[in-house]
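Report on the following structure.
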Amino acid sequence: MHGLPKEVRSWIYNFFYNEHSVAYLKIDAQLCIAAKGGSVEHYGLSSLRIGKPVAEQLEFMEGLLPCPELPYHLDMVELPSGRVANLHLFADNACVWLLFLDATAERDNRQRLQQKAYEMTLLQERERQLNDKLQSTNEALRKSQEGLSREYQRAETLLLNILPASIAERLKAHEQIADNHAEVSVLFADIVGFTERARSVGAETTLAILNYFFKAADLLSERYGCEKIKTIGDCVMAVAGLPAARSDHAEALAHYALELRKAVKRERFAGEPLRLRIGIHSGPIVAGVIGERRFAYDLWGDTVNLAARIQTSAEPDEIRISDATHKLLGPNFTCDPLAETELRGTGRVRMWRLPA
């Protein structure tokens, strides 16, 4: 150790003081190994032969020597042993000292972070686009920690666009999502005459109308504290009263329905104003997340089925609600009674019309 240049000794002592495993090589003017020392076995360097060209024994040294300027620093170099090291080169008259500082733990930690980010960003929608983003995320992870943070936040945003925030947090904690909710209100709304009009206007106009409808449903769900659960063709399913319970779930969803009907009337489809059929029912449901790669947060139960049947029975521009929902509405809602109606798979049901 005493024969080493002062600057090299200083580095080695510093590494040992911080409990790092270090090895070093002395390379002469003919680019042959003149000496080796330190923890060479730790790096798989014990087989290096003194007096032989270094490039023939360490492929990664090919083209590296002579360095343009010394001292020289090179990060994250793969060694023959499979370990990773940061390299520090120092000049010493006609020789070069090459120090190896173990960086394998740092490499392994980066790989663990990459795997965690990949698992966190498996989403239901836009899978192909998200996989592209994951590839760029993984590339950014290899380059810098800052890239990891940026792409992680982007994945978080996408996840919250699909699931309620509290459900997303539970899912990230690997919790099985299966909840009973005693009192919620469920809404179904679809576009009147959608299939027939879509045939006459073409794909671009049809998609523009659907985008307008679904965006309005999203914005109103935020305004009234509801959750848009999913879209089925031209139909929207929304709920109030979960994942956090609220006593005014029926009133919140009634306001949502009225504003949704008003919002779509501003748009025309195949020359006519957009009109909706809307149905609402209140009661208990089961909610949970199903699937793994293409997971979905969904609702099940008689309440959901009856809300769908009520929506199907509604007239164009009509909001129909069940008797259970009507009983939960406050005095600010004056509803028109309807005759009992036979609904498929349900029997005779008393319903009400929610006027503007």
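The sequence shown runs contiguously to residue 356 in the UniProt record's numbering.
Just so it is clear, CB atoms sit at the ideal spot from N, CA and C, and this is done for glycine as well.
Fair warning: this is a prediction, and the values are worked out from it, not measured in the lab.
Applying the 10 Å Cβ sphere with the 16-neighbour rule, what's the burial state of residue i?
i	result
Ile-290	exposed
Glu-119	exposed
Ile-50	exposed
residue 377	The shown model of the chain, from 1 to 356, leaves out residue 377, and the question about it has no answer.
Thr-325	buried
Arg-348	exposed
Arg-309	buried
Thr-346	exposed
Ser-322	buried
Asp-132	exposed
Ile-33	buried
Ala-103	buried
Gly-241	buried
Asp-234	buried
Give the secondary structure of residue i by DSSP, where H, G and I count as helix, E and B as strand, and everything else as coil.
i	result
Ser-39	coil
Ala-23	strand
Val-96	strand
Met-1	Residue confidence is low: Met-1 scores 45 on pLDDT, short of 50, so the model does not pin down where it sits. No coordinate-derived value is stated.
Gly-345	coil
Ile-177	coil
Val-192	coil
Phe-269	strand
Ser-81	coil
Leu-274	coil
Arg-246	coil
Glu-340	coil
Glu-183	strand
Ser-282	strand
Lys-262	helix
Arg-320	strand
Phe-333	coil
Leu-299	strand
Arg-353	strand
Asp-108	helix
Glu-227	strand
Leu-87	strand
Ile-209	helix
Leu-74	strand
Asp-102	strand
Ile-290	strand
Assuming residue i and residue j are in contact, meaning their beta carbons sit under 8 Å apart, how far apart are those beta carbons, in whole angstroms?
i	j	result
Ile-209	Glu-267	7 Å
Ser-21	Ser-39	5 Å
Leu-64	Phe-90	That pair is no contact at about 14 Å.
Ala-198	Leu-260	Not confirmed; about 20 Å, so no contact.
Val-264	Phe-213	6 Å
Is the beta carbon of residue j closer than 8 Å to that of residue i?
i	j	result
residue 360	Ala-217	The question about residue 360 has no answer here: the residues shown for the chain are numbered 1 through 356.
Val-239	Leu-329	no
Ile-319	Leu-220	no
residue 357	Val-77	Only positions 1 to 356 of the chain appear in this structure, which leaves residue 357 out of reach.
Glu-340	Arg-353	no
Ala-307	Gly-279	yes
Leu-101	His-88	yes
Ser-81	Tyr-24	no
Arg-344	Ala-314	no
Thr-303	Ile-285	yes
Tyr-297	Ile-167	yes
residue 360	Ser-282	Any question about residue 360 goes unanswered here, given that the chain covers just 1 to 356.
Pro-316	Thr-334	no
Would you verify that the beta carbon of residue i is, or is not, closer than 8 Å to some beta carbon of chain C?
i	result
Gly-301	No chain C appears in this structure, which consists of one protein chain only.
Margin query: Check whether the region 200–215 and the region 240–256 are in contact - that is, three or more C-beta pairs closer than 8 Å.
Written below: Touching, no, given that fewer than three Cβ pairs across the two stretches are closer than 8 Å.
Next item on the list: Take every Cβ of the region 26–46, pair it with every Cβ of the region 92–108, and state whether three or more of those distances are shorter than 8 Å.
Entry: Yes: the two stretches touch, three or more of their Cβ pairs being nearer than 8 Å.
Margin query: Closer than 8 Å is the cut-off here; do at least three beta carbon pairs connect the region 258–278 with the region 170–184?
Written below: no
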